[in-house]
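Asks: Residue numbers (this note's numbering): 6 to 122. We put the beta carbon where it would ideally sit given N, CA and C, even for glycine. My questions will all concern the structure given below.
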C-alpha cells in the first residue's frame, strides 16, 4: 500500500505568506506537490523536491465557461496551457465554470458543456 500523496493549493495561502515561505513550509510538512501557482515559481517547487500537480487552464476563475462570451478566449488559453503543462511534465490542468451571474444552474452547466465540446 502506498502513502497518500497530498498537494497544497497555492492560492489558499498566497496572501498570508511569501511564495518562498509557502514552498519551504509545504516541503517541510511533506506535501508531494503544489498546484495552481504561477509559472515563475515552478522551478523553486521542483528544487524543494515537490512536483507541480495542476496548472491553471485559463486566466479567470470567476469569469469562466458558464458565460458563452468567454468560450473563444478560454479555448485559446486552454490550448496554450495544455502545451505548457505537457512541456513541463505537469499531469493536470484545471478549468473553472465561473460565477453564476444570474444564470440558472442548468444554463451554466449547458454553457460549460458547450464550451468544452
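1. Taking the beta strand (DSSP E) that residue 39 belongs to, which residues open and close that run?
2. Please tell me whether residue 16 and residue 71 are closer than 8 angstroms, where the distance is taken between their beta carbons.
3. So, helix, strand or coil for residue 83, using DSSP?
4. Over the uninterrupted alpha helix (DSSP H) stretch that includes residue 59, give me the two end residues.
5. Buried or exposed for residue 13, going by 16 or more other Cβ atoms inside 10 Å?
6. If you follow the beta strand (DSSP E) that residue 13 is part of, which residue opens it and which one closes it?
7. Quick one: Cα of residue 69 to Cα of residue 107, how far?
8. Let's see if you can read the secondary structure: which residues bound the beta strand (DSSP E) around residue 99?
Replies: If we stick to the structure as given:
1. For the purposes of this step, residue 39 is taken as residue 34 along the chain shown, with counting starting at 1. Here the beta strand (DSSP E) through residue 39 covers 38 to 40.
2. Here residue 16 refers to the residue found at position 11 when the chain shown is read from its first residue. Here residue 71 refers to the residue found at position 66 when the chain shown is read from its first residue. Cβ atoms of residue 16 and residue 71: not closer than 8 angstroms.
3. If you number the chain shown from 1, residue 83 lands on position 78. If DSSP states are grouped into helix, strand and coil, residue 83 belongs with the helices.
4. For the purposes of this step, residue 59 is taken as residue 54 along the chain shown, with counting starting at 1. Not the alpha helix (DSSP H): residue 59 falls in the beta strand (DSSP E), residues 59 to 61.
5. Here residue 13 corresponds to residue number 8 of the chain shown, with the count starting at 1. That one is buried.
6. One-based indexing of the chain shown puts residue 13 at position 8. Unbroken beta strand (DSSP E) run through residue 13: 12 to 14.
7. Counting from one through the chain shown, the residue named residue 69 turns up at place 64. Counting from one through the chain shown, the residue named residue 107 turns up at place 102. One C-alpha to the other measures close to 14 angstroms.
8. Position 94 of the chain shown, counted from the first residue, corresponds to residue 99. From DSSP, the beta strand (DSSP E) with residue 99 extends over 97 to 99.
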